[in-house]
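For reference, the structure is listed below as structure tokens.
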Amino acid sequence: MKIKQTEAERHVLNITVDNEAGILAKIAGLFTARGYNIDSLTVADISDNHKVSRITIVTQGPPRVIDQIEAQLDRLVPVHRVVDLTQSGPHVERELALIKVAGKGDNRVEALRIAELFRAKVVDTTTESFIFELTGTPDKIDSFITLMRELGLVEVGRTGVVGMMRGPQGA
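Here the sequence shown is numbered in the UniProt record's numbering, starting from 1 and rising by one per residue.
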């Protein structure tokens with residue numbers, strides 16, 4: 001008998017929650033209990049009175065497991081809404097990264113040239129290093145980091161993915 005392996009898919013989940021202590025631990029616990037990793041996690045206050053936050057989680061798993069996670073998230077009391085942006089249609093995803101590159105001479109010139117192509121902004125510079133700020137899709141940031149490895153990559157800091165549905169309606 002062969003066990004059929006289901007291909008893992010990447011999913012971006014937007015979860016609107018009450019801004020209260022312990023909610024993030026409860027949500028992370030749902031993923032841990034199922035043995036799935038959270039690839040990216042961002043949290044931001046989204047209301048004037050600081051009572052509601054949006055959590056954006058990027059994860060991978062078979063559709064059946066993602067559906068179970070969504071259903072369990074929906075049942076948590078402080079959760080208002082769960083939206084799988086991946087399944088809901090066209091959406092915009094962005095991530096911010098700070099990338100430090102050290103180098104001199106030709107490597108320094110090449111790092112600046114590549115940064116210009118990627119529309120990365122120089123936010124700090126010394127005679128021996130740059131810190132670039134880059135906003136874009138995770139794939140764009142991954143590509144930039146790969147190129148900078150050859151030119152003297154020192155350090156990377158990434159915010160994680162945030163996403164919204166396209167169009168006039170809110171999620």
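Beta carbons: idealized from backbone N, C-alpha and C, even for Gly.
Owing to the predicted nature of the structure, the values given are computational and were not obtained by experimental measurement.
Straight-line measurement puts the Cα of T59 at about 5 Å from the Cα of I38.
Residue burial is scored here from C-beta neighbours: P138 has at least 16 other C-beta atoms within 10 angstroms and is therefore classed as buried.
8 Å or more divides the Cβ of M148 from the Cβ of A97. Taking a cut-off of 8 Å on C-beta distances, the stretch 19 to 38 does not touch the stretch 126 to 143, as fewer than three cross pairs fall below it. Rounded to whole angstroms, T32 and T56 show a C-alpha spacing of 16 Å. Here the alpha carbons of V109 and A8 stand approximately 41 Å from one another.
Per the Cβ contact rule, the stretch 112 to 122 is not in contact with the stretch 67 to 84 (fewer than 3 Cβ pairs under 8 Å). Take V161, set aside five residues on each side of it, and the residues of its chain with a beta-carbon closer than 8 Å to its own are V12, S40, T42, T56, V58, E93, R94, E95, P138, in chain order. The residues K100, A102, in chain order, have a CB closer than 6 Å to that of V154 in the same chain once the five nearest residues on each side in sequence are set aside.
T135 has L96 as its beta-bridge partners, per DSSP. Around the beta carbon of I46, fewer than 16 other beta carbons sit within 10 angstroms, so the residue counts as exposed. The three-state secondary structure of D18, taken from DSSP, is strand.
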